Ligand SMILES: Nc1ncnc2c1ncn2[C@@H]1O[C@H](COP(=O)(O)OP(=O)(O)O)[C@@H](O)[C@H]1O
Ligand SMILES: [Mg+2]
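Chains as they are written, first to last, in my numbering: chain E, 713 to 1069; chain L, 335 to 588.
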């Protein structure tokens, strides 16, 4: 058990709040840095995927978990980032510049989508973003001169100062991008803007009456989220090496949304945990398959079913996701044996009929 | 000096006229109380002042500045803060965070500065925190500082909403039934706080109140509404003894 003695206000604002946090995150970073040296190539490739998904997930956490806006069209931002990256690189734009441009292009699209989406909420927003994702998918498959249409588009090998950035090097590039993105988002979340976004999620009327410009901040949330998705997409293009429109359909949007819900949609850590889960699960299923009776193991569609069950489990039983569960376990261990069961009882919610009357 | 001025305000919802040609003025430094039976249009008036609704006719001025068509998020900037009859808190955030949102109108830096969290942002955050801690001291909320608001009892949540409005350092504070749902002891506390808000912070208070005792304890001036129109305006005694007010409340001819 520990106590926090807060001696000044800075402690509450700092990113690292306790010494042991610095230790564990430092250890994690060290592990990630050493990974390519000790792990087989295949693992490093999978971890690269996790890093990329985490970048995209961080954006979804901002939009969905923090601001409370659901997007079923996030694959479109990923697609724009990925195609922009492929097209820019093919025209000789340097790697880092084209990464930034791809993210910026997706951000601009986020602005275009964010503005009309301002008046929508919940299911209506989900439908609107879904349609947007669909439109982008169709545009990509029909704009053949740029995107290669349904026959696809190959992505040039990235180079930085004349060195081909592949394998372990590309893994490090993704790691740097992820760390920078997480720091940026953490800064936003601890600033007045972050608080305003959470305020919008919980009560739009009172956020507004405290001076929060709903239109501006919701748009900002869309733009930031789209930029991260675009940046993730740009990195994704290099892992895929070959792009085609169906990679960026509704499936991907749902997979991304599932990822953050499973991980714990209100925490950035949740985005990363969710990414680990979404990448690791198909591998786990592939391994387990061989041990299952053939009637089950050889079924087609085993993976979507398992995914569906997992998401159902989280929505019904653990809406705070993996990270929420971890926080509970950690609290329990820290307080042991003084922890009464009532600590984990879900909060009561007050009825909110007649909100303004 | 007149702080708030409502001139011939009218609000229609379809066929229903919720507020009918209401005019009044709140003097600076006053505690001004609006009373009236349920459905009289009191909350609708507040929603006009916070620009959630637009009046069908009439205009409103704060310190001579017409804000009838100001966008709702600019109202805080103008110096008006409010609480809600049925609590509109940020349930998933801590008490501290809720109060800090009250400081949003003092945000001076842009999005870019925030992504880097530079010194300017740091200083602004520390300053916000100091201001919020003053309100925490004032309302005695230390125990709950890091608790999630959704988990707190109703009485405390009510105080937090008051605190959040105070954090924006308003010139005019709108309180919608500050004592509803509270027990006698809690509503007595609220009464003292309202008086202190006027005395120590010099904030003008416009409040809606059902509890006649609390109303009598704090009000400098009272306005009685019924079915959207003004019945009477004056001191506590004048309004309480007004025959039409008694009739509206008791439903009998006085
Ligand atoms: N948004 C709305 N749409 C339609 N009718 C409304 C709306 N808001 C309030 N009303 C009606 O206006 C009248 C006054 O309501 P209100 O101002 O909430 O009364 P109170 O004095 O009890 O606060 C009521 O009849 C209410 O039903
Ligand atoms: Mg009311």
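Just so you know, even glycine gets a beta-carbon here, dropped at the ideal spot from N, CA and C.
Nothing here was measured: the structure is a model prediction, and the numbers come from that model.
Say yes only if the C-beta of residue 925/E is nearer than 7 Å to one or more non-hydrogen atoms of ligand 1, and no if none qualify.
-> For the purposes of this step, residue 925/E is identified with residue 213 of the first chain, where counting begins at 1. Residue 925/E Cβ: outside cutoff for every heavy atom of ligand 1.
Report yes or no: is there a C-beta of chain E within less than 8 Å of the C-beta of residue 306/L?
-> Since the first residue of chain L shown is 335 and the last is 588, residue 306/L is not available in this structure.
Mind listing the chain E neighbours of residue 449/L? Cutoff is C-beta to C-beta under 8 Å, in chain order.
-> In the second chain, counting from the first residue as 1, residue 449/L sits at position 115. Identification of chain E residues near residue 449/L by a Cβ-Cβ cut-off of 8 Å yields 896, 899 and 900, ordered along the chain.
Residue-level contact to chain E via CB, residue 409/L, 8 Å cutoff = Walking along the second chain from the start, residue 409/L turns up at place 75. Yes, residue 409/L counts as interfacial toward chain E.
Interface residues of chain E facing residue 362/L [CB-CB closer than 7 Å] = By 1-based counting over the second chain, the position of residue 362/L is 28. Near residue 362/L there are no residues of chain E at all, since even the closest Cβ is about 21 Å away, more than 7 Å.
Relative to ligand 1, what is the chain-ordered list of residues with a Cβ closer than 5 Å to any of its non-hydrogen atoms?
-> In chain order, the hits are 1069/E, 347/L, 352/L, 372/L, 373/L, 374/L, 375/L, 376/L, 377/L and 378/L.
Quick one: Cα of residue 538/L to Cα of residue 364/L, how far?
-> On the second chain, position 204 is the one that residue 538/L refers to. On the second chain, position 30 is the one that residue 364/L refers to. Distance between residue 538/L and residue 364/L, taken at the CA atoms: about 5 Å.
By the criterion of Cβ-Cβ separation under 8 Å, what are the contact partners of residue 427/L in chain E?
-> Working through the second chain from its first residue, we reach residue 427/L at position 93. In chain order: 907, 910, 911 and 914.
Could you tell me which of 339/L, 345/L and 418/L sits nearest to residue 353/L, measuring between CA atoms?
-> Taking the first residue of the second chain as 1, we reach residue 353/L at position 19. With distances taken between CA atoms, residue 353/L lies nearest to 345/L out of 339/L, 345/L and 418/L.
Residues in the stretch 967-982 of chain E with C-beta within 9 Å of chain L's C-beta atoms, listed in sequence order?
-> 978: these are the residues of the stretch 967-982 of chain E whose beta carbon lies less than 9 Å from some beta carbon of chain L, given in chain order.
Helix, strand or coil at residue 937/E according to DSSP, with G and I counted as helix | In the first chain, the residue the question calls residue 937/E occupies position 225. Note: residue 937/E maps to helix in three-state DSSP.
Since residue 773/E contacts residue 983/E with CB under 8 Å, what's their CB separation in whole angstroms?
-> Counting from one through the first chain, the residue named residue 773/E turns up at place 61. Counting from one through the first chain, the residue named residue 983/E turns up at place 271. Confirmed, Cβ separation roughly 5 Å.
My guess is that residue 842/E and residue 784/E are in contact by the Cβ rule of under 8 Å, so how many angstroms apart are they, rounded?
-> Position 130 of the first chain, counted from the first residue, corresponds to residue 842/E. Position 72 of the first chain, counted from the first residue, corresponds to residue 784/E. So it is a contact: roughly 4 Å between Cβ atoms.
Give the C-beta separation of residue 582/L and residue 573/L to the nearest angstrom, bearing in mind that I take them to be a contact with Cβ-Cβ under 8 Å.
-> The sequence position of residue 582/L within the second chain is 248, counting from 1. The sequence position of residue 573/L within the second chain is 239, counting from 1. Rounded, the Cβ-Cβ distance is 11 Å, inconsistent with contact.
Among all the DSSP beta bridges, which residues are the ones paired with residue 366/L?
-> For the purposes of this step, residue 366/L is identified with residue 32 of the second chain, where counting begins at 1. Beta-bridge pairing links residue 366/L to 540/L and 555/L.
Please confirm if the stretch 1011-1028 of chain E is in contact with the stretch 786-800 of chain E, defined as three or more CB-CB distances below 8 Å between the two stretches.
-> Judged by Cβ distances under 8 Å, the stretch 1011-1028 of chain E makes no contact with the stretch 786-800 of chain E, as fewer than three pairs qualify.
From this set, 794/E, 737/E, 1028/E and 750/E, which residue's C-alpha is nearest residue 952/E's C-alpha?
-> To locate residue 952/E, count along the first chain from 1; it is residue 240. The candidate whose alpha carbon is nearest that of residue 952/E is 794/E.
Any beta-carbon of chain E closer than 8 Å to the one on residue 460/L?
-> Residue mapping note: residue 460/L aligns to position 126 of the second chain, counting from 1. Yes - at least one Cβ of chain E is within 8 Å of the one on residue 460/L.
Are residue 960/E and residue 829/E touching if we call contact CB-CB under 8 Å?
-> The sequence position of residue 960/E within the first chain is 248, counting from 1. The sequence position of residue 829/E within the first chain is 117, counting from 1. Taking 8 Å as the Cβ cut-off, residue 960/E and residue 829/E do not qualify as a contacting pair.
Limits of the beta strand (DSSP E) - the one that residue 353/L falls within | The residue labelled residue 353/L in the question sits at position 19 within the second chain. It spans 350-361 - the beta strand (DSSP E) in which residue 353/L sits, taken as one unbroken run.
Taking only beta-carbon atoms, is residue 918/E less than 8 Å away from chain L?
-> Locating residue 918/E in the first chain gives position 206, where the first residue counts as 1. Answer yes: the Cβ-Cβ gap between residue 918/E and chain L drops below 8 Å somewhere.
Does the beta-carbon of residue 1062/E have 16 or more other beta-carbons within 10 angstroms, so that it is buried, or is it exposed?
-> For the purposes of this step, residue 1062/E is taken as the residue at position 350 of the first chain. With a pLDDT of only 43 at residue 1062/E, under 50, the local geometry of the prediction cannot be trusted, and the value read off the model is given with reservation. Residue 1062/E is exposed by the Cβ-count criterion.
Environment of residue 930/E [buried if 16+ CB atoms lie within 10 Å] | By 1-based counting over the first chain, the position of residue 930/E is 218. By the neighbour-count rule (16 or more Cβ atoms within 10 Å), residue 930/E is buried.
So with Cβ pairs under 8 Å, would you call residue 423/L a contact of chain E?
-> Here residue 423/L refers to the residue found at position 89 of the second chain. Output row for residue 423/L: interface = yes.
How would you list, in chain order, the residues of chain L whose beta-carbon sits under 7 Å from the beta-carbon of residue 904/E?
-> Position 192 of the first chain, counting from 1, holds the residue named residue 904/E. For the C-beta of residue 904/E, the chain L residues within less than 7 Å are, from N- to C-terminus, 438 and 441.
So what's residue 567/L in DSSP terms, helix, strand or just coil?
-> In the second chain, the residue the question calls residue 567/L occupies position 233. It is a strand residue.
Considering only the beta carbon of each residue, do residue 922/E and residue 436/L sit closer than 8 Å?
-> Walking along the first chain from the start, residue 922/E turns up at place 210. Walking along the second chain from the start, residue 436/L turns up at place 102. With contacts defined by Cβ atoms closer than 8 Å, residue 922/E and residue 436/L form a contacting pair.
Closer than 7 Å: is that where the CB of residue 364/L sits relative to any heavy atom of ligand 2?
-> Working through the second chain from its first residue, we reach residue 364/L at position 30. No - ligand 2 has no heavy atom lying nearer than 7 Å to the Cβ of residue 364/L.
Between the Cα of residue 752/E and those of 770/E, 880/E and 761/E, spot the shortest distance and give me the residue it belongs to.
-> Position 40 of the first chain, counted from the first residue, corresponds to residue 752/E. Here the closest residue by C-alpha is 880/E.
Beta-carbon of residue 721/E versus every beta-carbon of chain L: anything under 8 Å?
-> Residue numbering aside, residue 721/E sits at position 9 when the first chain is read from its first letter. Yes, because at least one Cβ of chain L sits closer than 8 Å to the Cβ of residue 721/E.
Using a Cβ-Cβ distance under 8 Å, would residue 384/L count as near chain E?
-> Start at 1 with the first residue of the second chain, and residue 384/L comes out as number 50. It does: the Cβ of residue 384/L has a partner Cβ on chain E nearer than 8 Å.
Boundaries (first-last residue) of the alpha helix (DSSP H) holding residue 906/E = Locating residue 906/E in the first chain gives position 194, where the first residue counts as 1. Counted as a single uninterrupted DSSP element, the alpha helix (DSSP H) harbouring residue 906/E occupies residues 904-914.
Assumed close pair residue 513/L, residue 545/L - CB separation to whole angstroms, cut-off 8 Å = Here the question's residue 513/L lines up with position 179 in the second chain. Here the question's residue 545/L lines up with position 211 in the second chain. At roughly 5 Å, the Cβ-Cβ gap stays under 8 Å, so residue 513/L and residue 545/L are in contact.
Please check if any C-beta of chain L sits within less than 8 Å of the C-beta of residue 875/E.
-> What you label residue 875/E is simply residue 163 of the first chain in a count that begins at 1. No, because no Cβ of chain L sits closer than 8 Å to the Cβ of residue 875/E.
Proximal residues to residue 827/E (C-beta, below 7 Å), its chain only, five neighbours per side dropped | Walking along the first chain from the start, residue 827/E turns up at place 115. The answer, listed in chain order, is 931.
Around the C-beta of residue 975/E, are 16 or more other C-beta atoms found within 10 angstroms, so that it is buried, or is it exposed?
-> Mapped onto the first chain, residue 975/E falls at position 263. Taking a 10 Å sphere around the C-beta of residue 975/E, we find 16 or more other C-beta atoms and assign the residue as buried.
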